[in-house]
Amino acid sequence: MLTRKTLFFKVCMDISYPKKTRDILTYFSFKYSLTATHEHLAP
1 MLTRKTLFFK VCMDISYPKK TRDILTYFSF KYSLTATHEH LAP
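1 is the number of the first residue of the sequence shown in full-length UniProt numbering; add one for each residue after it.
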């Protein structure tokens with residue numbers, strides 16, 4: 001899971017540098033909030 005997370009982070013960083021960083025940060029915040037909510041609803 002750690003390697004997959006690192007790979008995902010690397011891909012996002014590769015995308016965020018040529019593009020807008022704010023959109024990537026918003027996506028990360030949205031994804032994190034969804035994951036946190038999902039973990040709370042279904043532990």
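Positions of the beta carbon are idealized from the N, C-alpha and C atoms, including for glycine.
This structure is a prediction, so every number in the text was calculated from the model and none was measured.
8 Å Cβ shell around residue i - same chain, five flanking residues per side excluded
| i | result |
| --- | --- |
| Tyr-32 | none |
Residue i versus residue j - alpha carbon distance
| i | j | result |
| --- | --- | --- |
| Thr-26 | Thr-37 | 16 Å |
| Leu-34 | Phe-28 | 10 Å |
| Phe-8 | Arg-22 | 17 Å |
| Ile-24 | Thr-3 | 20 Å |
| Cys-12 | Phe-30 | 14 Å |
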